[in-house]
Amino acid sequence: LSDRLTSTFKNLRTKGRLSEADIDATVREIRRALLDADVAVPVVRSFTGAVRERALSAEVSGALNPAQQVVKIVNEELVAILGGQTRTLNLAKNPPTVILLAGLQGAGKTTLAGKLALHLKSQGHTPLLVAADLQRPNAVTQLQVVGERAGVPVFAPHPGNQGSDDVMPLGADPVAVAREGLATAKVRLHDVLIVDTAGRLGVDAELMQQASDIRDALDPDEILFVIDAMIGQDAVTTAQAFQDGVGFTGVVLTKLDGDARGGAALSVASVTGKPIMYASTGEKLTEFEVFHPDRMASRILDMGDILTLIEQAEKAFDAGQAEEMADKLASGQDLTLEDFLTQMQQLRNAGPLKKMMGMLPGMGQMREALDNFDEREVDRIEAIIRSMTPAERRTPKIINGSRRSRIAAGSGTRPSDVNQLLERFDGAQKMMKQMAKGGGMPGMPPGMG
Ligand code: GDP
Ligand code: MG
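Here's what the structure looks like:
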């Protein structure tokens, strides 16, 4: 192997544990990112505490520098909290499945009712919407409009339509409307019932009472707490109030199309322990998706670039490739030019890491190793090897003067570059053969040395 390759591996070798200084520096950055994302302060405190603990006992990775490793732990913890309880809708054994929506006014319940109905309809269900928000006169009309758009029927009280069995007189008791809605769903064989309820601008005893009365009347299979992602620091108290007042089985986060960084997701998930099931991302009925914990984690961290780089760095030291190489060595097989290229490319994959060196504290040896590495060199090597015929790659000895000129021309290099590559390759091959005979190589990552 080339000297450079060897020394890079040596620099990146596993060494003990992360230092407290490295961890604390990165945890400080993370705390700032979480507060920026409007994660509730107590949640930030307990979360970073847990991350610090875990980082202190983590083995140092061969592929990542300390800061990256802490970020990786943070990301994993975030995904675990956001998705720890991820599950799909709990469908009733005896339909209809009853889904009750609860949340503050303006959270997006009515809109969500339509989205959920459309989503379930597209999966072959036959939902019925129930307008149990009788607080505002136009709430019923709003749900009817939404139902029409989704192509899903709505059970509602309606002043001008007293004769139909779909309706109840306006001013009716929401609990009675909900009960009638359930009876109607049974008669008409709707397999899902989605019940829209009234909200208030703030947490309010009467609101909680009404929601819990409807809950008692229907015995829902799911109670979804709908919360606006823009709510910020209030997420914790609101979620807690609904948890205590009504109780819920799952969370839906709305208005994620806005510029909220999604801190509410972490606050609600960590305080209530309830799964976030869906995300609403716009006013249109189709702007709705199953919740993705990993996407939310990188939104909250706002370190998408860094997460991508970490992934690349780990790929660059892909354990599978390392093992393959070790197997090859053990079986005494020759290193091929293709293998050689793969090794160089692994180093290149680590190249973009250079970009983030300035972004995080705790950079060390990795920077040096990468500074010594010229990405253009890998491009050149790749071009040369790609310009060889399969026979030439298998048996480089057959490369004579005219072949060399052809390869150089094909790869936009000089014949001397081709020669240099072949010499380096020859050296690497000899070294591999020696290692195969025993001894191993110092400074290789686990599985390679
Ligand atoms: P409710 O009071 O809980 O029933 O809330 P609504 O469903 O009436 O929604 C309140 C407002 O938020 C309406 O103007 C909706 O169009 C809007 N809205 C609901 N969900 C979303 C969303 O995911 N993104 C955006 N941008 N607006 C939304
Ligand atoms: Mg509403």
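In the UniProt record's numbering, the protein residues as written are 5 to 453. Note that the Cβ used here is the ideal one computed from N, Cα and C, for glycine as well.
Scanning its chain for C-beta atoms nearer than 6 Å, with the 5 sequence neighbours on each side dropped, one finds around Gly185 the residues Val134 and Phe159, in chain order. Taking all protein chains shown into account, Asn69 has 16 or more neighbouring C-beta atoms within 10 Å of its C-beta and is therefore buried. Here the stretch 84-91 makes no contact with the stretch 221-232; the two share fewer than three CB pairs at distances below 8 Å. Measuring C-alpha to C-alpha distances from Gln109 to each of Leu197, Ala412, Thr258 and Ser23 identifies Thr258 as the nearest. Under the DSSP assignment, Leu197 falls in the beta strand (DSSP E) whose first and last residues are Val196 to Thr201.
With a threshold of 8 Å, the Cβ atom of Leu228 does not count as near ligand 2, since no heavy atom of the ligand is closer than that. A distance of 9 Å or more separates the beta carbons of Gly203 and Gly236. Sequence-distant Cβ neighbours of Thr101 in its own chain, meaning closer than 6 Å and more than five residues away, are Leu95, Val196 and Asp225. In terms of side-chain proximity, the C-beta atom of Asp232 is found no nearer than 8 Å to any non-hydrogen atom of ligand 2. Between Leu105 and Ala121 a beta carbon distance of about 11 Å is seen, past the 8 Å cut, so the two are scored as non-contacting. Exposure of Arg49 is indicated by the presence of fewer than 16 other C-beta atoms within 10 angstroms of its C-beta.
Within the stretch 32-80, the runs of alpha helix (DSSP H) that reach at least 4 residues and sit entirely inside it are, in chain order, 45-60. Nearest Cα to Glu315 within the set Arg183, Ala67 and Asp263: Ala67. Note that the C-beta distance between Met392 and Leu341 is below 9 Å. Taken through DSSP and simplified to helix, strand or coil, Asp217 comes out as helix. Under the criterion of beta carbons closer than 8 Å, Val55 and Glu81 qualify as touching, at roughly 6 Å. One alpha carbon belongs to Ala264, the other to Lys97, and they sit about 38 Å apart. For Glu291, the three-state secondary structure derived from DSSP is coil.
Exclusion of the five residues before and after Thr130 leaves His194 and Asp195 as the residues of its chain whose Cβ lies within less than 6 Å of its Cβ. Assignment of beta-bridge partners to Pro131 by DSSP yields Val196. Here the distance from the Cβ of Gln109 to the nearest heavy atom of ligand 1 is below 8 Å. The beta carbon of Val199 sits closer than 6 Å to the beta carbons of Leu104, Val134, Ala136 and Ala182 from its chain, once the five residues preceding and following it are set aside; these are given in chain order.
Nearest Cα to Thr114 within the set Glu152, Ala273 and Asp338: Glu152.
The beta carbon of Arg408 lies closer than 6 Å to those of Pro419 and Val422 in the same chain, with the five residues before and after it left out.
Under DSSP, Glu226 forms a beta bridge with Ile103. Secondary structure note for Leu120: its alpha helix (DSSP H) is the uninterrupted segment Lys113 to Ser126.
For Glu291, the shortest separation between its Cβ and any heavy atom of ligand 1 lies below 8 Å.
DSSP lists Leu228 as the beta-bridge partner residues of Gly254.
Per DSSP, reduced to three states, the secondary structure at Ile403 is coil, with no helix or strand assignment. Distances from the CB of Lys125 to the heavy atoms of ligand 2 are all 8 Å or more. In this structure, DSSP gives Met392 a state outside helix and strand, which the three-state scheme calls coil. By the CB criterion at 9 Å, Val255 and Ala243 fall inside the cutoff. Gly262 is classed as exposed because its beta carbon has fewer than 16 other beta carbons within 10 Å across all chains shown.
In this structure, DSSP gives Val207 a state outside helix and strand, which the three-state scheme calls coil.
Look at Asp338: its beta carbon is at least 8 Å from all of the heavy atoms in ligand 1.
Leaving aside the five residues that flank Val179 on each side, the residues in its chain whose CB is nearer than 6 Å to its CB run, in chain order, Asp217, Ile218 and Ala221.
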